[in-house]
Amino acid sequence: MPDFSRVWDVLVIGGGNAALCAAVTARQAGCSVLLIESAPKAFRGGNSRHTRNMRTMHTEPTSVLTEAYLEDEYWDDLLRVTGGQTDEHLARMTIRLTTDALRFMEASGVRFQPSLSGTLSLSRTNAFFLGGGKALVNAYYALAERLGIDILYDTEAVDLKMDDGFVREVAITHRGFPETVRAKAVVASSGGFQADLEWLEKGWGPAARNFLIRGTPYAKGVVLRNLLDQGVASVGDPTQCHAVAIDGRAPKYDGGIATRLDCVPFSIVVNKDGERFYDEGEDVWPKRYAIWGRLVAQQPDQVGYAIIDAKSEKLFMPSVFPAIKADTVGELAVKLGLDPAKVEATVAEFNKACVPGEFNSNRLDGCRTEGLVPPKTHWARPITEAPFIGYPLRPGITFTYLGVKVDENARVRMDDGRPSANLFASGEIMAGSILGKGYLAGFGMAIGSVFGRIAGREAAKNARN
5 MPDFSRVWDV
15 LVIGGGNAAL
25 CAAVTARQAG
35 CSVLLIESAP
45 KAFRGGNSRH
55 TRNMRTMHTE
65 PTSVLTEAYL
75 EDEYWDDLLR
85 VTGGQTDEHL
95 ARMTIRLTTD
105 ALRFMEASGV
115 RFQPSLSGTL
125 SLSRTNAFFL
135 GGGKALVNAY
145 YALAERLGID
155 ILYDTEAVDL
165 KMDDGFVREV
175 AITHRGFPET
185 VRAKAVVASS
195 GGFQADLEWL
205 EKGWGPAARN
215 FLIRGTPYAK
225 GVVLRNLLDQ
235 GVASVGDPTQ
245 CHAVAIDGRA
255 PKYDGGIATR
265 LDCVPFSIVV
275 NKDGERFYDE
285 GEDVWPKRYA
295 IWGRLVAQQP
305 DQVGYAIIDA
315 KSEKLFMPSV
325 FPAIKADTVG
335 ELAVKLGLDP
345 AKVEATVAEF
355 NKACVPGEFN
365 SNRLDGCRTE
375 GLVPPKTHWA
385 RPITEAPFIG
395 YPLRPGITFT
405 YLGVKVDENA
415 RVRMDDGRPS
425 ANLFASGEIM
435 AGSILGKGYL
445 AGFGMAIGSV
455 FGRIAGREAA
465 KNARN
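For what it's worth, my numbering labels the leading residue of the sequence shown as 5, then goes sequentially.
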């Protein structure tokens with residue numbers, strides 16, 4: 005049993021990448037550090053254990069990245085997916101610091117592999133973790149233990165007792181028992197509220213009950229709600245989230261990245277009425293995959309269905325669930341629970357609108373439709389070759405964008421604009437400061453890694469002073 009009578013220099017609330025970066029950085033600065041993780045040890049790591057890469061700026065090829073990916077291009081990519089709903093100063097700072105974050109990760113024992121290419125188109129922009137997010141999390145925890153960081157699992161922060169912007173103490177439950185923790189500085193890295201369906205329902209209405217939570221079930225926004233109730237400034241829209249179209253057969257919680265479907269660019273996607281509702285070929289998948297959860301969420305019963313033919317079957321990573329196949333479009337529609345006549349008509353209309361072109365799955369190829377609403381602007385090929393293949397889709401929520409407002413030093417701001425005296429934040433709980441909407445593959449890890457290190461550094465300075 006830990007000694008709860010002591011005062012730690014830094015308390016880190018959370019157990020994922022952002023929290024671990026903060027804890028390790030503060031400890032390496034000479035501070036005593038306590039990290040509390042609400043999950044049991046076997047499920048530690050939050051959403052980070054489901055990740056696989058980080059989007060990283062670099063000026064020349066590296067051992068794990070090809071060519072160069074410079075600040076302005078990175079910023080343009082982010083600007084495009086967010087529609088301008090981002091803080092340029094914080095975003096550009098994050099982009100620049102990903103280079104240092106990558107070196108910090110390697111020095112911390114995180115290993116990388118050459119980036120995947122092919123359908124992901126990420127060999128130039130994203131560094132992939134060898135062994136995925138679980139291996140990354142394990143490397144950080146191993147380092148934390150070697151450094152002497154105190155770690156408590158099954159431990160949830162329930163009330164950060166603030167007095168005029170200063171966290172005096174934190175009420176926790178440790179393995180079901182109430183305790184109090186005191187620290188000179190506190191870092192909140194406890195994620196969003198996506199696992200609280202009642203909270204999601206306030207923004208989305210009853211539709212939220214049909215969402216699947218592909219991230220950790222432990223991110224229920226307890227710390228976020230507690231801070232907002234005490235006058236911490238909020239940032240972001242409660243209806244905005246990282247929402248991906250995932251296989252509709254995935255579990256309600258914790259399905260992770262394996263449940264994602266990458267077939268959409270090469271498909272047509274219809275709703276339960278057998279009708280298309282958006283341009284499936286709008287852009288390359290890493291820049292557009294995260295809009296599809298929201299699109300499906302806006303359809304009747306929050307379901308969609310991706311339909312391809314044999315020509316496209318090998319162009320994407322397959323689902324962890326078996327593909328639904330049939331010899332005819334009508335038969336496939338029946339297997340998907342759709343009206344066969346309606347789906348046949350939709351496919352026929354799409355086929356007729358396809359303009360012949362030079363198909364290329366790795367870039368914007370201009371294979372498009374004409375006279376079709378909505379259009380398909382790339383990778384449009386007639387669906388004519390058996391077997392015909394379908395996948396059910398549902399919105400898979402990874403994390404939410406409502407969070408606490410921070411400055412460039414990761415210091416939390418109060419409603420009246422004052423900085424908190426000793427509270428910092430990193431990761432999903434503050435990501436709304438940079439991500440107003442949309443998503444760019446690997447950018448969540450970039451935010452968590454960069455702001456985790458900043459929060460740890462600044463919390464350590466605060467504690468020493």
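All residues carry an ideal CB built from backbone N, CA and C; glycine is no exception.
Since we're looking at a predicted model, the values are computed, not measured.
Among the options, which one has its Cα closest to the Cα of residue i?
i, options, result
"residue 425", "449, 261 and 465", "465"
"residue 485", "414, 189, 309 and 221", "The structure shown does not extend to residue 485, since the chain is modelled only from 5 to 469, so the question has no answer here."
"residue 241", "438, 216 and 313", "438"
"residue 411", "286, 421 and 65", "421"
"residue 273", "139, 377 and 111", "377"
"residue 169", "243, 231, 296 and 301", "231"
"residue 292", "64, 45, 5 and 83", "83"
"residue 80", "444, 235 and 9", "444"
"residue 228", "408, 441 and 34", "408"
"residue 118", "107, 106, 108 and 132", "132"
"residue 402", "145, 69, 9 and 51", "51"
"residue 37", "277, 294 and 153", "153"
"residue 108", "149, 374, 458 and 311", "458"
"residue 165", "144, 394, 233 and 214", "233"
"residue 429", "9, 25 and 13", "25"
"residue 360", "366, 156, 256 and 370", "370"
"residue 375", "339, 393 and 283", "283"
"residue 216", "144, 115, 305 and 267", "305"
Quickly, what does DSSP pair residue i with across the bridge? List them, please.
i, result
"residue 399", "249"
"residue 329", "393"
"residue 216", "400"
"residue 236", "418"
"residue 243", "Answer is none; residue 243 lacks a bridge partner."
"residue 192", "17 and 429"
"residue 280", "274"
"residue 373", "358"
"residue 96", "Paired residue(s): none; residue 96 is not in a bridge."
"residue 229", "Its beta-bridge partners do not exist; DSSP assigns none."
"residue 264", "250"
So is the beta-carbon of residue i under 7 angstroms away from any non-hydrogen atom of the ligand COA?
i, result
"residue 144", "What this structure holds is no ligand at all, so the ligand COA is not there to describe."
For residue i, which residues in the same chain have their Cβ closer than 6 angstroms to its Cβ, ignoring the five residues on either side in sequence?
i, result
"residue 452", "21, 22 and 431"
"residue 368", "382"
"residue 324", "262"
In terms of residue numbering, what span does the alpha helix (DSSP H) encompassing residue i cover?
i, result
"residue 254", "Per DSSP, residue 254 belongs to no alpha helix (DSSP H) and is neither H nor E."
"residue 406", "Run containing residue 406: none; DSSP gives neither H nor E here."
"residue 458", "447-468"
"residue 204", "201-208"
Under DSSP, the beta strand (DSSP E) around residue i begins and ends at which residues?
i, result
"residue 81", "Element bounds for residue 81: not the beta strand (DSSP E) but the alpha helix (DSSP H), 75-86."
"residue 426", "423-429"
"residue 274", "272-274"
Give me, in chain order, the residues of the same chain whose beta-carbon lies closer than 8 angstroms to that of residue i; leave out the 5 immediate sequence neighbours on both sides.
i, result
"residue 11", "186, 187 and 188"
"residue 99", "61, 75, 78, 79, 82 and 450"
"residue 349", "278"
Here's a check: name, in chain order, each residue in its chain whose Cβ is nearer than 7 angstroms to the Cβ of residue i, leaving out the five neighbours to either side.
i, result
"residue 389", "313, 314 and 315"
"residue 7", "none"
"residue 69", "60, 62, 119, 128 and 131"
Under 8 angstroms, Cβ to Cβ, is there at least one residue of chain C near residue i?
i, result
"residue 357", "The structure shown contains no chain C; it holds only a single protein chain."
Enumerate, from N- to C-terminal direction, the unbroken alpha helix (DSSP H) stretches of 4 or more residues contained entirely within the region 107-189.
-> 136-151
May I have a chain-ordered list of the alpha helix (DSSP H) segments no shorter than 4 residues that lie completely inside the region 291-369?
-> 296-301, 333-340 and 344-357
Quick one: complete beta strand (DSSP E) runs, 3+ long, within the region 9-66?
-> 11-17, 37-40 and 57-59
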